[in-house]
Each structure stands twice: as structure tokens, then as C-alpha cells.
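**Student:**
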Amino acid sequence: MALVAAGVSPALAQDADDEGQAPEAASGVTGDGAVIIVTAQKREESIQEVPIAVTAISGEGLDDYKIETGAELLRAVPNVNFSKSNFSMYNFSIRGVGTKAISAASDPAVAVSFNNTALARNRLFESEFFDMARIEVLRGPQGTLYGRNATAGVVNLIPALPTDELEGSVKAEVGSYSTRRLNGMLNVPLGDTFGVRVAGQWTKRDGFDYNTFTQSRVNGRDLWSTRAIAEWEPSDRFRANVIWQHFEEDDNRSRTGKQLCHTDPGPEMVGDIAITDPKMRGRMSQGCLPGSLYDDGAYGVPNGYSLAYILLASELTPVAYEPLPGGGRGPAIPLLLQGDPYAGVTQSRNLREISTSYDPKFRAKNDVVQLNLEFEPAEGLTLVSQTAYARDRYYSTQDYSRFVTNPIFNDSTQPSVDFSGTPIDPAVNPGPSPDGIYCDPQLGCSDRMMSADLSRSRNRQWSQEIRLQSDFSGPVNFNLGVNYLDFKSQDDYYVFNNTFTFLAEWFYNRGDPCELGYEGDECVYVDPNPIGSLNDQGHNYFLSQNGVRTKSWAAFGELYWNIADDLKLTLGLRYTRDKKVSDQIPSQLLLGGGTEIDFPGGITGGSVNSGYPALPDIEQKWGEFTGRAVLDWQPVIDFTDDTLIYASFARGYKGGGTNPPRVDFNPDVVQYQPLPQTFRPEFLNAFEIGMKNTFADGRLMLNATAFYYDYDDYQISQIVDRIAYNENFDATTWGLEFEAAWRPSRNFRLDANFGYLKTKLADGSQSIDVMNRTQGNEDWMLLRPWLQVPSNCVAPKAFVERVLSGPAMFHYLALAALCPGSNRAGTFVPGGVGLVPFWAFYGFTYDPAAPYNPDTVGLNIDQGGSGAPNGGRGFYADLSGNELPNAPRWTMNLGAQYTFFLEDDDWELTFRGDYYRQAKSYARIYNTEYDRLKAWDNLNLAVTLERPESQLAFQLYVKNVFNDAPITDFFTNSDDTGLTSNVFTLDPRIIGFSVTKGF
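Take 109 as the starting number for the sequence shown in the working numbering and just add one per residue.
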């Protein structure tokens, strides 16, 4: 059977003679020296004849490199980076371009394809490779043939297909952390025209991380995959196959690693006023300060007094009073114990050691079914059809705060009296936390603050592509096609905290039940169900619900014109029409309404007591042309065997989307600073020149590429107002790439790659940095708003000083009222909505929503007093010239192996080492010291003893020899939880041993 563009057939390589064996996989050959045939242009071609920067890694090459998951592909491909990101996302970036937009409505920038079918959602990070023919990584925009989400490039996973031989293999492996791994395949030809190939993989191991609080290992693996392929070729003109692949995981995998924090104690002075009360300082603290994640100070904890829910529960919610010796009532007994809940809490400096009260749970399930049909209606013409269905389910819950607090709940059964001085009988009224234990319906019973999140995703996609390809003997050929995609997803993200429920029940509801659907008074409904069976109506947790439906169709074509025997012109054009419909369901954390009363939401600022009323859907449409033009030349040069020189221009496109809706405030109660509901599509103009060479009868291969990118509206997210808020930025990028492989003898092999990258945000780029909202402006300072308002704000320092010198009884509320969205408690705007006229108590007026004027800061409204910059959100940071995130200046990999041929070549003993290093980079676009990611490296070693005739191999390997734990990326959490940083690290050192037997 011959290899065809649909990937229906098994042939993978062209033979090479023993004397001229070519080098190894990353440069596009197999381990036995055969040149890989790729389908980078959706037709079969030698990798050295494709005018695209493409790296192909054979199945044997994956094993040589010890590349087991998509996260490890960066070690084999120049200018590639990979990291996990927030929620259920990951960021695979090529040449500095990746998926930094983590909204449910955003699309990936790198198209991950399974056998040439792009998968909008996939398990590239979680699943392990098995029985692969090869993996192709195409660098640069590939939108003409691969579609709308290939602005950065393509990762194409090509499974091994049935052959005409009865064969099979089994591999068993054990290793560190009680690793047990098993995979195998069986290929069975059933007659001359039909064949079946089945393969599977299973991995189980203990966790890489240790939880010192629960004294258990977490971040383990228990996953398996299987694949079945049936292929039929009844004639030379028709062939078909159907592929089914299933992945499943159920374990305690962690989505993120340790949580770091430079504790922000809050200011000691505001003007001439000393701030000695740590609780008051907490109202001016953001929880965590920006600082290097590599300093010892990064292993701190948030300022607990900066958390509004802690302050409210501990200071403003009395339920009983201390009895006096002679009768009557004494001081109020607060619901929570006094003091910072994190006081005295310290973190281990070991990034693989955590201390959390809630161990993670992780489940994922993924199915892909693909039908490939290929028909040759006439000589030189091939009609290809690819139909695919994919379904993905994802469930991950873990500790949200990542820190264990001190005990916080007061004993509600201690001797106490009510307001009248009457003793309270604990048998009749045990209160909220008997013996200092509070029971939350979702998180269970605990004496400490518990917080967990849940990321849940359900999606499915249908896709259909039809192509007509020519392979005429003349100078002109073509590839024409149409493509349709229907993708539907539902992404839900929850944050649970037992103090949220505690406040709902005992502060807002005053201990009385708030029934589902009740609107006769303002209260906060508490979902009584455990995490596994939520009714999704509760206001005692944060819930962001994001449903997105994407429909896309495209028509495309490429023309290939051999102008001369050694000169070819490729012209490609694609028109894509996208339609995206996004649900808009605002969050409801600790909001009540009471729609049947005169003033709903007067206490909390909400609209309803329970449920999640939806806003109208947002429908977006785009129609865009993309394409490419390539001129490639194959000159005859005396000192090379083969040379390809090419120059190309390509245009890429990725659709825009919607920002998730924010808090469902009642606009009659709270006036809230609006944010854009949508973000724009991305566009990329890419210019590239490249050269591919083979020397010395194929023993040496050397490829080089130079590129320049002009990027419009690159999409980047950060957590703002509890949502993944997406912004657009223009940027330019240029770089160089080199790939080399040398095999001077049958014993020795050397391969290397190097990538250089220089990225730059456009002049005038700006964004508000949540870690530094004042940008050093001494006339403004940060404040923490009231409980329901999710983000910090900036306020004039002069007004903060006047509040602190005024009536003490309103300090907390008045400071909060200087922030937009906090006016339900009071206002500094005469005649404005608010329970307390703070302007009358403190003698000044201020409207944060008024236009910002630096010349009138500190003046009253009637004097033209300035509002807050950007409605109180803070000052823009100038990003001109900053580097793109996760774009290290250079990456390199050097691999070498030497084989001893023993017992008259009956046995082969191979020693191999691979060293990878990437330069420093930044995790965010602000490029501050806080954002800096240090350079890191990785060394892997392996020894393999193999008897080819028996298809028997033994391998001993060490991955991450130095046992380093570099921080590969991080993300910043929301303002109202302290701006902590969740980091991602490399896997620890793993020593393993495997046995492989084939037949």
C-alpha cells in the first residue's frame, strides 16, 4: 500500500543504504536512517522537500528522546515552549505565539491535529503517546490547509496504521514514584484487502508532590488509552479506514503546583497618620506584593486581613455575648477567632511540597472517531474525505487557597447569653460551629478555612473536510477543499469556601433558611448538595458558566506550479466564515435580591436570592481571507547532496470571542465600571526564508530558517473581576532556527537544534497590571473594596487620609466607598445611591467614575474634582517594547548516542544523552521582576540493550538527571483572594527500566 494524503496507508519512509544512513528523527528521519515522508502540505512528500519549517519525530525518535507527552515536545523542536495554564487550558507556543487567552470563548493558536483533523479541545497535556507513526510540528501560520486556529503552527499526531504483516509488541516499564507503565500493539491483516491494528497504553504512579497537612502524595497518575483502526483497500483506486481512540484518567493529578506570595502587610503610614491596627492595614493591602518568585520572601502567605470575607465574619457578625459574672451580657462573641488566620503559617521552600487541607481529584475522558475515504476518479486525481467526531469530558477539583490556615471558627457552644442577657442553651441552639467546627455542604466539616475550586468542561465537535488533489506529470498541480466545523462546549468554574457559606447562613440569612426560589425578602441561597451533585443554583459559591457554540466553514485551495525543473511556486488562498455564540450568565457570589420587595439587593447589591439569570447571548461573526505564497528552489550545488531554498509569505487568522460576564449587580444599587464584552480576532503576517541541506551521502543534514512576524491583536488574558479578561496587543517577532543531524558512522549519531527569538510589543501598548495598580504614583493608593466587589481599586491618598482622621465607626465602609461598585454601603456623591452619606460625615465629595484629571485630584466634585484613573481600576502600565510572555530569547537541544555492536552484531548496546536549555523569559506582558522566569535546563540519559533479530530490548533511563524544579510558568489569582501566584514546575527526576518484546 502506498502512503496517501488522508493518512490511510502505513508506508512511512524511503529506504536508505547502509553506508549512507541519514541521521535521526528530529531532523526528519527514522532511527534506521530512512527519510520520513510527511503530510505537512496534506500530500506525501519527503520532509527535506517541503518548503515549510517542519520537524518530524518518528515513533522510534519519541522513545529515543523519552518524549512521552505533548509537554515534552519542546525538547525536540526549536523555538517551542509549553506550559500548563489556568483552568483546563495549556499553552503550546511556537515562535512566541501561543494560547495566552484562557477564556472559554477563545481558540488555540496552535492547531493540534489528530491524523490531519484539528481538535478544538484535546488531551495533549494529559495523555501519553503510544504506537505513533510520527509527530509533525509545523512552525509558522498554516491557515491555508489547516484552518482558522493555526496562526502559530500545527502539531499533527499521526498514529501508526495497519500494515500487511502480522506483528505486535509489548512494553512493560517500572520506575520512580512506583511508576508502572504498559503499552502494546497488535497488527492483524485479514486477507489481502483488510487489516486491523489495535494498541493501548496504561500508566499508574504515585504523586510527584507531598502534602504535609494530609500526609499524602498527590499529583499522581492513573490513566489509560486505547486505539483501534480498521482499514480496507478493495482496489488500487479506493481505500478507507476508521479510527477510534479513547483516553481516560481518574487520579489525584494537580492542575497547578505550589502557590507563592510575597506578603503585603499594608502601609504603616498614610500621609501623617500612623496605621497601627493590622486590620485597617489589611484594608489597604492587596494580599501579596509583586516580587521575584525566586526570593525566600515568595514563600510567604497572603495578608489574611486583606480578605474581605474574613474581616466581615470576624468583626461584624456577633451571634452571642459573653455572660457577665453578675448577669447580663458582656462583649460580643465574634463568629471567627480573632487574628490573622495565616499568622505564623510558613511554607516549605520545596516546590514539590505543599500544605493543603483538600487533596485534588482529577477525571478526564476523551474519544475521537475518524472516518477516512479516498477515491481516485481518474489518473492523477484523488478525492479525499475526512469525517471526525470528538467528545471530551474534564473534571478537576483541588485546594484553591493552597495554604492551610490556623483554626478560625469560634466555639458556638461556649457559655454565652443573647442580647437580653438570657443564657443560651447549647443543646437547643448549638450555633454555627459547635466545638469550633463548621460544616459546609460542599467542603465538609473543619475548624479551619477551607477553599477548593472545580474546573469542569464538556464539549463535542463534528468536522468534515473534502479535498480534491492532483498529481499530474505536468508542471501544474492543485489541492482544493472545503471544511466544516461544529464545536459546542460548556465550561464551568467554581470556587468554594466555607467562610462564604458561613456568611450566607449566619450573617446575611441570620441563621434562618433561604429556600430555593424564595424572593419575599433579601437572603442568600445556600446549595445543600455536595460537590458531586450540585444544583448550580447556590449563591454561597462562585460559579462562572460559559457555553459556547462555534460553527465554521471554509473553502481553500493551493496551486503548485513548477516554473522550471528546480523552481516551484506555491499559491494558497482560504476563506473562513466563523460564527460564535456565547452564553452570558453572570456570577452570584454572596448576592441576594428579593424581587418581591420594594428595594431588591439593598444589602448585598444583587438581583435575586437564588439561581443564575442569563443575559442575552452574544453572537459574533467573522469572514476572513488567509493564504500563502511560496517560491522554492532546488539548485545543484557541488558540496551538497540536495538543497532546498525557499521564501514565503503567509497570513494567519484566529477568531475573537467574548469575555465572561461579571457579577450580577443590581444597577439600581451598584454602579459598576463596565469592561469590554468581547475581544478582537488575531491576524499574523509572516515572512520566512529557509534552507534545507543534506551532505555526505545523507550522513549530515542541516536546516536553517529566518522569519519575521507582524502580529495584530494578539490575545492575552489575566484574572480581572473574577473572570478571564482578554485584551488585544500588537507585536513584532523575528528569529532564527537551526536543525542539524550528523551520523558519521553506524555507531555514532549527533543531533541538535537551536532557536533564537526576539519579540516586541508595539509602541503605545498598555494594560493595567493588577499587581501594581498605582504604577508608583504617590498621590494614589490601593484599597480593598467591600465583599461583593471582586477587584481592588485605587483612590486619592488625600481622601484616604481624611477618612482615617474622621469618624472611626465608619472607617471600613467609608474606605470601601472610595472604590467603584462599593457604594451600596454609602457614598461620597451627594444624592447618590448609598445607605450612608459619607460626604456629610467626612466633609468632602468624590466620584471615582468621573473623568480623571491629574490637576484636580483631591478637589471636591463641585470644584471639578478628578475621578479615578480608568474608573478606579488603576493606571495603565506602558508596555512598549516589552517581550511577549513565554517567549525565551533562545532554546537549544543537543543529543548524542553511541552504539556498540556485540556478538557479531547480534546485540546492540546504545548509550544516549539529551541536554535541553531555554533562556529566561517572562510569564506576563508587564516584564517586571515578578514576571521573570529564570533560564532552566534538563538532562536525560538512557542505556539500551537490544537484540534486533528477536525484537527484544531492555532500557534503563534517567529523566531530569539534576532533579531540578524550575518554574516554567505561573498565573496570578484574583484580587479578592489575595493575588497569589500558582506556579508550574518540571517533573522531578525519574529513573525507569523497561522491557520491550516484539514479534
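Don't be surprised by glycine CBs; every beta carbon is placed ideally from N, CA and C.
Extract the residue ranges of the beta strand (DSSP E) inside the stretch 581-630, only unbroken runs of 3 or more that lie entirely within it.
**Tutor:** Counting only runs of 3 or more, we get 584-605.
**Student:** Any beta carbon from chain B within less than 8 Å of Leu1094's own beta carbon?
**Tutor:** Annotation note: the requested chain B is absent from the structure, which comprises a single protein chain.
**Student:** To which residues of the same chain is Glu176 closer than 7 Å at the C-beta, ignoring the five residues directly before and after it?
**Tutor:** Here the set comprises Glu236 and Phe237.
**Student:** Just mark Lys1028 as buried or exposed, buried being the case when its beta carbon has 16 or more other beta carbons within 10 Å.
**Tutor:** The residue is exposed, with fewer than 16 neighbouring Cβ atoms inside 10 Å.
**Student:** If Gly939 and Ala957 are in contact, beta carbons under 8 Å, what's the gap, nearest whole angstrom?
**Tutor:** Gly939 to Ala957, Cβ: 14 Å. No contact.
**Student:** Cβ of Ala848 within 8 Å of Cβ of Met889?
**Tutor:** No, the Cβ-Cβ distance between Ala848 and Met889 is not below 8 Å.
**Student:** Would you mind listing the beta strand (DSSP E) stretches within the stretch 244-271 that are 3+ residues and don't spill past its ends, in chain order?
**Tutor:** Entirely contained in the stretch 244-271, the beta strand (DSSP E) runs reaching 3 residues are, in chain order, 261-267.
**Student:** Could you check if Gln455 is buried or exposed, using at least 16 other CB atoms within 10 Å of its CB as the buried criterion?
**Tutor:** It is buried - the Cβ of Gln455 has at least 16 other Cβ atoms within 10 Å.
**Student:** In chain order, which alpha helix (DSSP H) runs of at least 4 residues are fully inside the stretch 405-429?
**Tutor:** Whole alpha helix (DSSP H) segments, 4+ residues: 416-423.
**Student:** Check whether the stretch 461-481 and the stretch 525-539 touch, using three or more Cβ-Cβ pairs below 8 Å as the test.
**Tutor:** As far as the Cβ criterion goes, the stretch 461-481 does not touch the stretch 525-539, which means the pair count is below three.
**Student:** Rounding to the nearest angstrom, what Cα-Cα distance links Gly665 and Glu153 in this structure?
**Tutor:** Looking at the two C-alpha atoms, the distance is approximately 18 Å.
**Student:** If we count the other Cβ atoms within 10 Å of its Cβ and call it buried at 16 or more, is Ile745 buried or exposed?
**Tutor:** Looking at its Cβ environment, which holds fewer than 16 other Cβ atoms inside 10 Å, Ile745 is exposed.
**Student:** Suppose the cutoff is 8 Å on Cβ atoms and the five residues either side in sequence are ignored; what does the same chain contact list for Leu1094 look like?
**Tutor:** Excluding residues within five positions, the ones whose Cβ falls inside 8 Å are Trp1044, Asn1046, Asn1068, Asp1072, Ala1073, Pro1074 and Thr1076.
**Student:** So, for Ile462: in the same chain, excluding its five sequence neighbours on each side, which residues have a beta-carbon less than 7 Å away from its beta-carbon?
**Tutor:** Closer than 7 Å at the Cβ level, and outside the excluded window around Ile462, lie Asp317, Asn319, Lys366 and Arg510.
**Student:** So, using beta-carbon positions, are Ile693 and Thr786 closer together than 8 Å?
**Tutor:** No, the pair does not count as a contact, with Cβ atoms beyond the cut-off.
**Student:** Using 8 Å as the Cβ pair cut-off and three pairs as the minimum, do the stretch 491-508 and the stretch 567-576 touch?
**Tutor:** As far as the Cβ criterion goes, the stretch 491-508 touches the stretch 567-576, which means the pair count is three or higher.
**Student:** Between the C-alpha atoms of Pro131 and Asp344, what's the straight-line distance to the nearest angstrom?
**Tutor:** Reliability of the predicted coordinates at Pro131 is poor, the pLDDT of 48 falling under 50, and the value obtained from them is presented with this limitation in mind. Each residue's alpha carbon lies about 33 Å from the other.
**Student:** Skipping 5 residues on each side, what residues in its chain have a beta carbon closer than 6 Å to that of Gly390?
**Tutor:** Hits under 6 Å: Gly374, Asn411, Tyr413 and Ser414.
**Student:** Less than 8 Å between C-beta atoms, sequence neighbours within five positions excluded: which residues of the same chain meet that for Asn774?
**Tutor:** Excluding residues within five positions, the ones whose Cβ falls inside 8 Å are Gly701, Pro708, Gly709, Gly713, Gly714 and Ser715.
**Student:** If you follow the alpha helix (DSSP H) that Met388 is in, where does it begin and where does it stop?
**Tutor:** Met388 -> alpha helix (DSSP H) spans Pro386 to Gly390.
**Student:** So is Cys547 buried or exposed if we call it buried at 16+ other beta carbons inside 10 Å?
**Tutor:** Classification of Cys547: exposed, given that the 10 Å Cβ count is below 16.
**Student:** Tell me the rounded alpha-carbon separation between Leu943 and Phe1092.
**Tutor:** So the two alpha carbons sit approximately 45 Å from each other.
**Student:** Please identify the residue among Ser875, Ser930 and Met879 whose C-alpha is closest to the C-alpha of Val897.
**Tutor:** Looking at the Cα atoms, Ser930 is the closest of the given residues.
**Student:** Please say whether Asn257 and Ala217 have beta carbons closer to each other than 8 Å?
**Tutor:** Yes, they are a contact pair.
**Student:** Do three or more CB pairs link the stretch 822-842 to the stretch 201-214 at distances below 8 Å?
**Tutor:** With the cut-off at 8 Å, the stretch 822-842 and the stretch 201-214 touch.
**Student:** Whole-angstrom Cβ separation of Ile266 and Ala307, contact assumed at under 8 Å?
**Tutor:** Rounded, the Cβ-Cβ distance is 13 Å, inconsistent with contact.
**Student:** Where in the stretch 530-569 do unbroken runs of the beta strand (DSSP E), each at least 3 residues long, occur, reported from the N-terminal end onward?
**Tutor:** As far as the stretch 530-569 is concerned, its whole beta strand (DSSP E) runs of at least 3 residues are 546-548 and 552-554.
**Student:** Would you grab the beta carbon distance between Gln506 and Ala560 for me? Rounded to a whole angstrom, and I think it's under 8 Å.
**Tutor:** That belief holds up - the Cβ atoms of Gln506 and Ala560 are roughly 7 Å apart, short of 8 Å.
**Student:** Pull up the CB-CB distance for Ala1108 and Val262, whole angstroms please, since I reckon it's below 8 Å.
**Tutor:** As shown, the chain starts at 109 and ends at 1107. That puts residue 1108 outside it, with no answer to give.
**Student:** Closest to Leu1049 by C-alpha separation, out of Leu1060, Arg1020, Thr521 and Val878, would be which residue?
**Tutor:** The shortest Cα separation from Leu1049 among Leu1060, Arg1020, Thr521 and Val878 belongs to Arg1020.
**Student:** Where in the stretch 927-1005 do unbroken runs of the alpha helix (DSSP H), each at least 4 residues long, occur, reported from the N-terminal end onward?
**Tutor:** List check, alpha helix (DSSP H) in window: 946-950.
**Student:** In angstroms, rounded to a whole number, what distance separates the CA positions of Asn189 and Asp963?
**Tutor:** Distance between the alpha carbons of Asn189 and Asp963 is about 46 Å.
**Student:** Three-state secondary structure (DSSP) at Pro1056?
**Tutor:** In this structure, Pro1056 counts as helix in the three-state DSSP scheme.
**Student:** Should Phe803 and Asp749 be called a contact, given that it needs their Cβ atoms to be closer than 8 Å?
**Tutor:** In contact: Phe803 and Asp749 (Cβ atoms closer than 8 Å).
**Student:** Kindly indicate which residue of Gly979, Thr1036, Gly966 and Met1000 has the alpha-carbon position closest to the one of Asn990.
**Tutor:** Closest option to Asn990, Cα to Cα, is Thr1036.
**Student:** Quick one: using the 10 Å Cβ neighbour count with 16 as the cut-off for buried, is Thr703 buried or exposed?
**Tutor:** Under this definition Thr703 is an exposed residue.
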